[in-house]
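For the sequence shown, numbering that gives the first Met the number 0 puts the final residue at 520, and the numbers step up evenly by one. Built from N, CA and C at the ideal position, the CB exists for glycine as well. See below for the structure under consideration.
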Amino acid sequence: MSNISFIILVVLLAAAAGIAVGYCVRKSISGRMVESSEKLASRITAEAKKEAENIKKEAILQAKDNLLKAKNEFEKETRDRRLELEKLEERIHQKEINLDKRTDMLAQREDAIEKKEKAVVDQETLLREKHDSVNRIIAEQRAQLEKIAGISSEEAKESLVQLMADDARHEAGGIIRRIEEETKREAEKKSREILAYAVQRYASDFVAENTVSVVNLPSDEMKGRIIGREGRNIRAIEAATGTDLIIDDTPEAVVISSFDPVRREVAKRALENLIHDGRIHPGRIEEIVKKVQAEVDKLISETGERVSFDAGVYDVHPELLALLGRLRFRTSFSQNVLEHSMEVANLAGMMAAELKMNVKDAKRAGLLHDIGKAVDHEVEGAHAAIGAEYARKFGESERIVQAIAQHHDDGHNNTVLGVIIQAADTLSAARPGARREMLATYVKRLTELEGIANSFSGVDKCYAIQAGREIRILVENEKVSDTDAVMLCRDIVKKVESELTYPGQIKVTVIREMRVSDFAK
């Protein structure tokens, strides 16, 4: 027990000694570190003060440099501004001098203008006095002239105006005649070449097809079967087809009458089928008429498509093709309108090719120019206007519509395409054998044509020739001058256009000739 206590005591003593020694060592080390730190701090402080002094000096030098530069720039800018101000002052001074000069010049001009105004006023007063004096003199002389001449001034004025009007009319006639002669020399040669070339290239057979309105019967007994008991069969046919059947004393024939050529065709085919079938009664009639109507509608559509394809005209609206097909059953002065339209399309295409124009447009307008005739019995108005309206409605271009609308105009407001269609239409209608008309109508038209020519003063004789397509007028040499003959021709043309209805065109020729006769004794 005592050993343990001793050992513990020794340990405690050793620990106390270690603590005391450690304390002494730590204190010694701390003193040395504090002394070293103070020296380092003193050195850093001294260096910082030295560096601060250097920075301060550099900043002062930099500030002085900047101040010097700013001062130099300010002085330079001040000098520049001073120079600009001096120049501006000099310019303003010069302008003031110029303004003073202009003011002096304006003052001088005002003085001169005042003097001129005064002179003008004096001259106006003098002129007014002279004018009044001249008017008095003119009035006195007019009174003396009226007294000497025996006519008033109004009568003299009318006479002078009439004389001037006659001179002007004479001069205008001369100018018109000269212009027409000059243009004819240039235009006739080219137009004749184009028309002759087109006609030579297109030589179609004469159109002699007519819409048939007569149905031949195998025997007269068939008339009774067509009429039926108490007329029921004929009434059923007329009601189903919209036509009139004329059964008269004509042997073995029935006449079909209707304003609609398609209806006539349907009635004709239906009646022929009924006669061939032999069963004629109202039920069978309605059945046959419906069947024939469908066949004719199909034929119309196929005809329009075929004609369009043959003419090289594509993308035509089906409604227009149907109208084109209906023209197969339409005639004008015995000329089939569909054949006529094909002729016009071909002729127009040839003329357009000669003139370096659009051939497709010319053919298209030529083929469609008479489509209005397919419905002109159903729609009010001229066939040209009707056709143009339908063409516009179904998508044709405006140039085609205009050519269709104006193919019967006089050409003054027509387009070049319209003139080509008009020329082709005239060629197709006017060629020999193309059209025929009733003798009574023909004679009446020629009589009216000659009557119009004879209604003008100075006409001696007139003759309608070339089947009414030309009228030659002989005038009295003493009453009508060469210039008057030009004006007379134009007046007759205008009256013929306004009062006479005719196909194609009529050429008016006025002939004035000098004849001298004497007798040898």
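- Taking the Cα positions, residue 398 is about 49 Å away from residue 477.
- Residue 244 carries a strand assignment under DSSP once its states are collapsed to helix, strand and coil.
- Listed as beta-bridge partners of residue 460 by DSSP are 473.
- Remark: C-beta atoms of residue 475 and residue 506 do not approach each other more closely than 7 Å.
- Residue 39 has its alpha-carbon roughly 31 Å from the corresponding atom of residue 18.
- The alpha-carbon of residue 52 is positioned some 43 Å away from that of residue 81.
- In the DSSP assignment, residue 215 falls within the unbroken beta strand (DSSP E) covering 213-215.
- Here DSSP, grouped into helix, strand and coil, assigns residue 355 to coil.
- Residue state for residue 405 is assigned as coil, using DSSP reduced to three classes.
- The Cβ atoms of residue 358 and residue 364 do not sit closer than 7 Å to each other.
- With a beta-carbon spacing of about 14 Å, residue 419 and residue 367 fall beyond the 8 Å limit used to define contacts.
- Per DSSP, reduced to three states, the secondary structure at residue 112 is helical.
- In the three-state scheme derived from DSSP, where H, G and I count as helix and E and B as strand, residue 291 is classed as helix.
- Secondary structure at residue 35: helix, using DSSP grouped into helix, strand and coil.
- Between residue 288 and residue 242, the gap from beta carbon to beta carbon reaches 7 Å or more.
- Check the Cα spacing between residue 271 and each of 312, 319, 221: the tightest is with 221.
- In this structure residue 461 is buried. Its beta-carbon is surrounded by 16 or more other beta-carbon atoms within 10 angstroms.
- Per DSSP, residue 500 lies in no alpha helix (DSSP H) and is assigned neither H nor E.
- The alpha-carbon of residue 50 is positioned some 20 Å away from that of residue 37.
- For residue 510, the enclosing beta strand (DSSP E) begins and ends at 506-510.
- Taking 7 Å as the cut-off, the beta carbon of residue 385 is found no closer than this to the beta carbon of residue 394.
- Of the other Cβ atoms in all chains shown, 16 or more fall within 10 Å of the Cβ of residue 273; this residue is therefore buried.
- In the DSSP assignment, residue 255 falls outside any alpha helix (DSSP H) and within the unbroken beta strand (DSSP E) covering 252-256.
- Among the bridge pairs identified by DSSP, residue 330 is matched with 335.
- Between residue 176 and residue 260, the gap from beta carbon to beta carbon reaches 7 Å or more.
- Secondary structure note for residue 318: its alpha helix (DSSP H) is the uninterrupted segment 317-325.
- In the three-state scheme derived from DSSP, where H, G and I count as helix and E and B as strand, residue 301 is classed as helix.
- Taking each of 106, 168, 78 in turn and checking the Cα distance to residue 485, the smallest one comes out for 168.
- By the CB criterion at 7 Å, residue 491 and residue 452 fall inside the cutoff.
- A distance of 7 Å or more separates the beta carbons of residue 407 and residue 258.
- Rounded to the nearest whole angstrom, the C-alpha separation of residue 26 and residue 60 is 51 Å.
- Sixteen is the threshold: when 16 or more other Cβ atoms of the shown chains lie within 10 Å of the Cβ of residue 291, as they do, the residue is buried.
- The beta carbon of residue 508 lies closer than 6 Å to those of 471 in the same chain, with the five residues before and after it left out.
- The three-state secondary structure of residue 27, taken from DSSP, is helix.
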